[in-house]
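Asks: In our numbering, the protein residues as written are 2 to 141.
Sharing a structure below in structure tokens format, with a few things to ask.
Right under this line is the structure:
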């Protein structure tokens, strides 16, 4: 038996799971074709390091490095995110990384990265409590 034939092929995957806070209120727009697109920015923190070790900031707290992630939600998922999510709310986002490339007005190549959300779970209530009883939502 050929050894390479006995090795199972693992499927490739593009999966992202983020847990963080919404950095700004959701923004929704509709394309000319009628697709609803909601964008949010989710911030994640991790302990900052100097010389390989964590350290305290001037207030005595562990210093943190923050990263902001652009999240795009389509149609029903986006409508629910726009309705129930607010700045400061803790969420889990599951989706995939999507890279884009375009030319700006001066002809320079530009690059972008975003997360296309498949699922958003609300881990805390929005500031106004408007998402009380809101379900965890999946894109259909």
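Heads up, the beta-carbon is just placed ideally off N, CA and C, and yes, glycines get one too.
#1: Spell out the partners DSSP gives residue 102 in its beta bridges.
#2: Quick one: grab the DSSP three-state call for residue 11.
#3: Whose C-alpha, out of 31, 36, 45, 34, is nearest the C-alpha of residue 20?
#4: Closest to residue 34 by CA distance: which of 99, 105, 76 is it?
#5: Mind checking residue 36: buried by the 16 CB within 10 Å criterion, or exposed?
#6: What does the alpha-carbon distance come out to for the pair residue 1 and residue 54?
#7: Would DSSP call residue 78 helix, strand or coil?
#8: Under 8 Å: do the stretch 63–78 and the stretch 109–128 share three or more Cβ pairs, one atom per stretch?
#9: Does DSSP put residue 24 in a helix, in a strand, or in coil?
#10: Could you check where the beta strand (DSSP E) with residue 45 kicks off and where it finishes?
#11: According to DSSP, is residue 84 helix, strand or coil?
#12: In angstroms with no decimal places, state the Cα-to-Cα distance between residue 130 and residue 10.
#13: Among 17, 12, 13, whose alpha-carbon lies nearest the alpha-carbon of residue 73?
Replies: Let me lay it out:
#1: Start at 1 with the first residue of the chain shown, and residue 102 comes out as number 101. Answer by DSSP bridge pairing, in chain order: 112.
#2: Along the chain shown, one-based indexing puts residue 11 at 10. Residue state, collapsed to three classes: coil.
#3: Within the chain shown, the letter at position 19 stands for residue 20. Ranking the options by Cα distance to residue 20, first place goes to 45.
#4: What you label residue 34 is simply residue 33 of the chain shown in a count that begins at 1. Here the closest residue by C-alpha is 76.
#5: As a position in the chain shown, residue 36 is number 35, starting the count at 1. With fewer than 16 other Cβ atoms within 10 Å, it is exposed.
#6: Lying outside 2 to 141, the shown extent of the chain, residue 1 is not represented and no answer is given.
#7: What you label residue 78 is simply residue 77 of the chain shown in a count that begins at 1. In the structure shown, residue 78 sits in a helix (DSSP, three-state: H, G or I).
#8: yes
#9: Counted from its first residue, the chain shown places residue 24 at position 23. In this structure, residue 24 counts as coil in the three-state DSSP scheme.
#10: Stepping through the chain shown from its first residue, residue 45 is reached at position 44. Looking at the DSSP string, the run of the beta strand (DSSP E) that includes residue 45 is 37–48.
#11: In the chain shown, the residue the question calls residue 84 occupies position 83. Residue 84: helix per DSSP, three-state reduction.
#12: Here residue 130 is taken as the residue at index 129 of the chain shown, counted from 1. Here residue 10 is taken as the residue at index 9 of the chain shown, counted from 1. Low local confidence applies: a pLDDT of 47 at residue 130 is under 50, so the model's placement there is unreliable, and no value is given.
#13: Numbered from 1 along the chain shown, position 72 holds the residue referred to as residue 73. The shortest Cα separation from residue 73 among 17, 12, 13 belongs to 17.
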